[in-house]
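Structure first, commentary second.
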Amino acid sequence: MKMNVWIKVLAAAALSCGTTLVIAQDREERSAKATLAEVGLAFKDIPDLAKAIVIEDPTGIGGGSNVFAGTLDLDDRSRDRLADLAREIGDAKHGKFDSLLVVHKNKLVFESYYLRGRIDLPHPQASATKAYTGLAIGRAIELGYLTMSDLDKPLIGFLNDLDPSKFVPGADKITLHKAMTMRSGIRISKDKKEELNGNHTLVKGQKHVQAYLEHSEPITKQSQSFLYQDDPRLVMQVLEAVVPGTAKEFIERELLDKLGITNFEWKTDINGLPQSGSRTSMTSRDMVKWGTLVRNKGRWGGKQLVSEAFITKAIDRIVYTGDEDVHFGGPDVTKQGYGYFWWGTDLNFNNTDYSSVSAQGGWGQLITLVDELDLMVVITGHDNDTPYLQIVAERVLPVFIQ
253 MKMNVWIKVL
263 AAAALSCGTT
273 LVIAQDREER
283 SAKATLAEVG
293 LAFKDIPDLA
303 KAIVIEDPTG
313 IGGGSNVFAG
323 TLDLDDRSRD
333 RLADLAREIG
343 DAKHGKFDSL
353 LVVHKNKLVF
363 ESYYLRGRID
373 LPHPQASATK
383 AYTGLAIGRA
393 IELGYLTMSD
403 LDKPLIGFLN
413 DLDPSKFVPG
423 ADKITLHKAM
433 TMRSGIRISK
443 DKKEELNGNH
453 TLVKGQKHVQ
463 AYLEHSEPIT
473 KQSQSFLYQD
483 DPRLVMQVLE
493 AVVPGTAKEF
503 IERELLDKLG
513 ITNFEWKTDI
523 NGLPQSGSRT
533 SMTSRDMVKW
543 GTLVRNKGRW
553 GGKQLVSEAF
563 ITKAIDRIVY
573 TGDEDVHFGG
583 PDVTKQGYGY
593 FWWGTDLNFN
603 NTDYSSVSAQ
613 GGWGQLITLV
623 DELDLMVVIT
633 GHDNDTPYLQ
643 IVAERVLPVF
653 IQ
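Okay, so the sequence shown: first residue is 253 according to the working numbering, each after it adds one.
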């Protein structure tokens with residue numbers, strides 16, 4: 253599709269109801285970049301964009317991703333659908349989106365920013381951080397610091413600064429596999445956890461694991477059921493123990509640097525290790541890089557960066573969590589499951605299911621991959637009640653289903 257056709261489609265959508273939508277053709281002047289005043293602000297203090305911005309001519313992602321700039325080579329009806337969605341988001345009809353990016357056949361074909369979204373400001377990731385933590389384990393496996401068989405060994409066997417004599421029964425049942433599928437079985441009351449976490453001398457380094465395994469209820473087959481809790485902290489402890497240097501250095505050297513991610517924030521946990529379950533910030537374009545790494549089965553820049561076997565397990569629905577509480581879901585989002593910190597669902601359109609995997613963060617951070625359509629949808633937002641995945645199923649999928 254020629255660029256001027258896309259401009260006309262978006263412009264028509266904007267004019268049809270006076271929407272607050274800008275078609276940004278000049279990347280320097282109207283590319284959703286942060287102002288100097290906005291650069292140092294906390295996310296909650298970033299002012300809303302006066303007008304939603306669709307970048308009509310996005311550049312490629314770069315950084316070895318091989319994600320090129322592209323155009324929506326689709327019929328007029330399909331283009332209209334995506335333009336209408338952008339207009340409706342700009343008119344606040346779908347909750348609080350901050351960005352919506354679409355990659356199709358390894359080409360960035362659509363890029364848009366709303367409200368607090370900026371092309372050059374890292375966005376809080378919440379639990380999408382878990383997916384990045386898991387991929388660090390996959391990198392450690394690729395480099396030989398762990399093996400795939402290690403995932404099924406007792407997690408405490410990798411941690412040398414513990415006193416197992418004080419553990420509750422069943423502590424040796426916790427494996428990396430169990431922890432990365434949120435099934436460690438650790439059960440600690442909220443009050444006890446707050447007490448432990450409030451005393452940093454009790455949770456520094458591996459003492460964090462020691463404290464949890466001393467004060468948990470016994471670990472049993474029944475307790476090792478899916479529960480969305482602190483299990484990523486156990487995983488980060490293993491990473492810290494097995495890689496040369498620190499986990500922080502390893503993540504930066506072996507993942508962020510290699511992905512070309514330089515504009516980010518990764519906070520430190522109370523135990524002194526990198527945060528593992530939340531509290532990172534990434535730009536929307538860098539979220540595309542993480543998604544591309546998974547889409548390419550761990551390959552990056554022509555090299556195997558993360559173990560392919562690990563990626564295959566990570567995006568499998570190892571545990572089915574049911575359809576009673578599908579976060580960001582709706583009637584067309586079903587069969588929810590969980591792998592190694594990646595969610596899996598079926599997205600339905602026109603009575604056909606399309607399998608998807610997603611890194612997901614609360615309040616609206618998603619990297620959603622639909623392999624059958626060679627499609628990636630990246631979303632940032634700040635609204636925990638918006639059915640983001642339902643919107644992908646209902647409004648984005650049909651654009652690419654021929």
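From the three backbone atoms N, C-alpha and C, an ideal C-beta is built for every residue, glycine too. Bear in mind that the values here come from a model prediction, so they are computed numbers and not experimental data.
Which same chain residues end up closer than 6 Å to residue i when comparing Cβ atoms and leaving out the 5 residues on each side of it in sequence?
{"i": "Asp300", "result": "Leu367"}
{"i": "Val558", "result": "Leu387, Gly390, Arg391, Glu394, Gly550"}
{"i": "Val648", "result": "Val629"}
{"i": "Glu624", "result": "Tyr606"}
For the beta strand (DSSP E) holding residue i, just list the boundary residues, first then last.
{"i": "Trp594", "result": "Counting along the chain, Trp594 falls outside any beta strand (DSSP E), and DSSP gives it neither H nor E."}
{"i": "Val354", "result": "349-356"}
{"i": "Val455", "result": "Careful: Val455 lies outside any beta strand (DSSP E) and carries neither H nor E."}
{"i": "Ala304", "result": "304-307"}
{"i": "Glu363", "result": "359-365"}
{"i": "Leu627", "result": "627-633"}
{"i": "Val622", "result": "617-622"}
Over the uninterrupted alpha helix (DSSP H) stretch that includes residue i, give me the two end residues.
{"i": "Met432", "result": "428-432"}
{"i": "Gly543", "result": "536-547"}
{"i": "Lys382", "result": "380-394"}
{"i": "Met488", "result": "483-494"}
{"i": "Gln462", "result": "459-467"}
{"i": "Asp565", "result": "The amino acid occupying residue 565 in the given sequence is Lys; Asp does not appear at that position. 560-566 is the span of the alpha helix (DSSP H), which, as asked, contains Lys565."}
Give me the Cα-Cα distance between residue i and residue j, rounded to the nearest whole angstrom.
{"i": "His634", "j": "Thr399", "result": "38 Å"}
{"i": "Thr573", "j": "Thr287", "result": "43 Å"}
{"i": "Arg333", "j": "Glu363", "result": "15 Å"}
{"i": "Ala645", "j": "Gly614", "result": "19 Å"}
{"i": "Asp584", "j": "Val361", "result": "24 Å"}
{"i": "Arg551", "j": "Phe295", "result": "32 Å"}
{"i": "Lys382", "j": "Leu486", "result": "12 Å"}
{"i": "Thr323", "j": "Ser475", "result": "50 Å"}
{"i": "Gly581", "j": "Asp415", "result": "43 Å"}
{"i": "Asp637", "j": "Glu576", "result": "15 Å"}
{"i": "Leu403", "j": "Leu337", "result": "42 Å"}
{"i": "Phe593", "j": "Asp568", "result": "10 Å"}
{"i": "Gly314", "j": "Phe320", "result": "8 Å"}
{"i": "Asn449", "j": "Thr433", "result": "23 Å"}
{"i": "Gln377", "j": "Gln617", "result": "6 Å"}
{"i": "Val540", "j": "Ser417", "result": "45 Å"}
{"i": "Ala335", "j": "Gly369", "result": "18 Å"}
{"i": "Gln642", "j": "Gly589", "result": "16 Å"}
{"i": "Pro702", "j": "Ser330", "result": "The structure shown does not extend to residue 702, since the chain is modelled only from 253 to 654, so the question has no answer here."}
{"i": "Gln527", "j": "Asp482", "result": "11 Å"}
{"i": "Ser477", "j": "Asn358", "result": "37 Å"}
{"i": "Glu501", "j": "Ala561", "result": "24 Å"}
{"i": "Trp542", "j": "Tyr384", "result": "8 Å"}
Closer than 7 Å by C-beta to residue i: which residues in its own chain qualify, once you throw out the five before and the five after it? Chain order, please.
{"i": "Ser379", "result": "Gly529, Ser530, Gln612, Gly613, Gly614"}
{"i": "Tyr464", "result": "Ile438, Ile440"}
{"i": "Lys445", "result": "none"}
{"i": "Gly312", "result": "Val319, Phe320, Ala321, Leu360"}
Spell out whether any CB of chain C is found under 9 Å from the CB atom of residue i.
{"i": "Leu373", "result": "Considering every chain present, this structure includes no chain C. It has just one protein chain."}
Could you give the DSSP three-state label for residue i: helix, strand or coil?
{"i": "Phe419", "result": "coil"}
{"i": "Lys519", "result": "coil"}
{"i": "Val644", "result": "helix"}
{"i": "Asn412", "result": "coil"}
{"i": "His375", "result": "strand"}
{"i": "Asn449", "result": "helix"}
{"i": "Gly342", "result": "helix"}
{"i": "Ile298", "result": "coil"}
{"i": "Lys587", "result": "strand"}
{"i": "Glu576", "result": "coil"}
{"i": "Ser477", "result": "coil"}
{"i": "Ile653", "result": "coil"}
{"i": "Val291", "result": "helix"}
{"i": "Arg551", "result": "strand"}
{"i": "Asp605", "result": "strand"}
{"i": "Leu557", "result": "coil"}
{"i": "Ile503", "result": "helix"}
{"i": "Ala284", "result": "coil"}
{"i": "Ser401", "result": "helix"}
{"i": "Ser533", "result": "strand"}
{"i": "Ser330", "result": "helix"}
For residue i, collect the residues of the same chain with a Cβ closer than 8 Å to its Cβ; drop the 5 residues on either side in sequence, then sort them by chain order.
{"i": "Ala344", "result": "none"}
Comparing the CB of residue i with every heavy atom of the ligand FAD, is any distance shorter than 8 Å?
{"i": "Ile522", "result": "No copy of the ligand FAD occurs in the structure displayed, which carries no ligand at all."}
Q: Please confirm if the region 510-518 is in contact with the region 489-496, defined as three or more CB-CB distances below 8 Å between the two stretches.
A: Note that the region 510-518 does not touch the region 489-496; fewer than 3 beta-carbon pairs, one per stretch, sit closer than 8 Å.
Q: Would you check if the region 448-467 and the region 504-513 touch, i.e. whether three or more CB-CB distances between them fall below 8 Å?
A: They do not touch, by the three-pair rule.
Q) Would you call the region 623-631 and the region 342-356 touching, i.e. three or more CB-CB distances under 8 Å? A) Verdict: yes, contact present.
Q. Hey, is the region 400-413 in contact with the region 427-434, meaning 3+ C-beta pairs nearer than 8 Å?
A. Contact holds: three or more Cβ-Cβ distances are below 8 Å.
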